[in-house]
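To keep things clear, I will list the structure first and then write my remarks on it.
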Amino acid sequence: MTLRRRSGAGGTPPTTRSSSTPGSGGARAIGGVAAEVTDYSIATPIVTGTARWFRDSADLVAFREGGGRRRRRRHSFEYARYGNPTVEVLEDKISAMEKAEATIVTSSGMNAIVATLLAVVPPGGHTTFVDLDDMEALQSVLDQGNVTMFYADSLTNPHLKCVDVRRVAELCHQRGALVCIDSTLASPINQKPLTLGADVVLHSHHQVIGAGWETPWVTDFTTGMGVGFLNWHPNAAYMIIRGLKTMALRVEAQNRTALRVARLLERHPKVERVNYPWLESSPWHGVARKQMTGAGGVISFEVASDMRGAMRFVDALELPFIATSLGGCESLVQQPAIMGKSEAEKTENGIKDNLVRFSFGIEKFEDLKDDILQALEKI
Ligand SMILES: Cc1ncc(COP(=O)(O)O)c(C=O)c1O
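The UniProt record's numbering puts the first residue of the sequence shown at 1, with every later residue one more than the last.
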């Protein structure tokens, strides 16, 4: 979870030197204390251990209160509950990419969502749902005067709708409400919600950022005191840092493939409707073009058939794996209607039986195209 920089803070985040490499998305961003502790190594060292020692009592006092002529405080990761150098490197990189004041890396996307809600919603708080494109409905909820936070995915899953973050932030801030955007499907390469006015941005980091399903969710239970559930394991942070190095390349490939496949499907007689905001026909096209630089690797579409026909299509595909998740190197396909959604959830979210979702990887477009075209014939 990443927080907006306070106005007036200016420049780069305090401990971060941003990359000058175009398109690197801040993958080289590292600086300050974390860089020192990790010994300026290009491959970020995995620094383990929960406790750090002090040379003597004066060293401890310098850490607590400041020492030397300038009474400067010495930095230490004293105890793992307060932080870890490898995790801090990752947090600095994400802050640089999102142009944020600070980032907290947690064990999973749901963990970040719950932590954010627990932090800002007062006891007795409740949820009111509004349509993402109904600004009048949002205004009237805000006018009731008790909104703490607006929360939405943008892009949404699985319909790829897009929140007009600038407009929403304007309305919410007039009423003192915070804006939190889950930007997982967009990735920090395609969208930076904080620069559009959002206050908090969330990612499920093992997806696009960390290259998909190779990163474990690891919570270090040895730091289970206090806010310990937010602390993360340096091994897992290291794997996400590795994923970050190729994120810009992966996302560029995924943007390209998703758009080409969306265009192909839009013209195909066995497809009724395609959801992808980079298509001119999408109702979200205008907003997406204003605030994103690409629409990411996820598309969804309704085949011209029923649930069984959609299943025949999915089963005939040879390249993508049938799996949930998104953002990695391998393409995945799923039929949301049969992927763990209750009937109530399906109705509430407008998920039709014939809806199929692709998350594209980095395979060649021509291979994916041939596979999709042959599978459409099997419907
Ligand atoms: C957009 C989005 N946000 C949050 C989450 C939850 O993240 P996690 O699965 O890491 O808990 C997911 C999971 O698929 C997601 O797709």
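Note that beta-carbon positions come from the ideal geometry of N, C-alpha and C, so glycine has one too.
Nothing here was measured: the structure is a model prediction, and the numbers come from that model.
Task: Boundaries (first-last residue) of the alpha helix (DSSP H) holding D133 - done: Per DSSP, D133 lies in no alpha helix (DSSP H) segment and is marked neither H nor E.
TODO: Could you please give the first and the last residue of the uninterrupted alpha helix (DSSP H) stretch that includes A236?
DONE: Element bounds for A236: 234 to 245.
Task: heavy atom of ligand 1 below 8 Å from I113 C-beta - done: It does: the Cβ of I113 is within 8 Å (strictly closer) of some heavy atom of ligand 1.
Task: Beta-carbon proximity list for V356, same chain, < 7 Å, skipping 5 on both sides - done: Contacts found: S300, F301, V303, A310, F313, V314, V333, Q335.
Open item on the list: Does the beta-carbon of M110, which I'm using as the reference point, lie nearer than 8 Å to any heavy atom of ligand 1?
Closed with: With a cut-off of 8 Å, the C-beta of M110 is classified as near ligand 1, since at least one heavy atom of the ligand falls inside that distance.
Task: Strand pairing of G327, partner residues [DSSP] - done: Per DSSP, none; premise fails for G327.
Open item on the list: Using the three-state DSSP reduction, which class does Q291 fall into: helix, strand or coil?
Closed with: When DSSP states are grouped into helix, strand and coil, Q291 belongs to the helix group.
TODO: Let me know the secondary structure DSSP gives S282 once reduced to three states.
DONE: It is coil, neither helix nor strand.
- [ ] Ignore the nearest five residues each way along the sequence and tell me which others in A112's own chain have a CB closer than 7 Å to its CB.
- [x] The beta carbon of A112 is closer than 7 Å to those of M1, T106, L202 in its chain, skipping five residues each way along the sequence.
Task: Start and end residues, alpha helix (DSSP H) containing S57 - done: Residues 57 to 65.
Task: Beta carbon of N354 nearer than 9 Å to that of N255 - done: Cβ atoms of N354 and N255: not closer than 9 Å.
- [ ] Label R250 either buried or exposed according to how many other C-beta atoms from any shown protein chain fall within 10 Å of its C-beta, with 16 as the threshold for buried.
- [x] Classified as buried, R250 has 16 or more neighbouring CB atoms from the shown chains inside 10 Å of its CB.
Open item on the list: Distance check for N84 and V47, CA to CA, integer angstroms please.
Closed with: About 7 Å.
Open item on the list: I need the DSSP call for L202, collapsed to helix, strand or coil.
Closed with: Collapsing the DSSP output to three states places L202 in a strand.
- [ ] Output the boundary residues of the alpha helix (DSSP H) element that contains F365.
- [x] 365 to 376 is the span of the alpha helix (DSSP H), which, as asked, contains F365.
TODO: Taking E252 as the reference, give the member of E377, F365, S281, H173 with the closest Cα.
DONE: Measuring from the Cα of E252, the nearest candidate turns out to be F365.
Task: A375 versus T324: straight-line alpha-carbon distance, rounded - done: Cα atoms of A375 and T324: separation of roughly 20 Å, rounded to the nearest angstrom.
Open item on the list: In whole angstroms, give me the CA-to-CA distance for F358 and F129.
Closed with: If you take the alpha carbons of F358 and F129, they lie about 27 Å apart.
Task: Rounded C-alpha distance that separates residue 398 from C180 - done: Residue 398 lies beyond the range of the chain shown here (1 to 379); nothing can be said about it.
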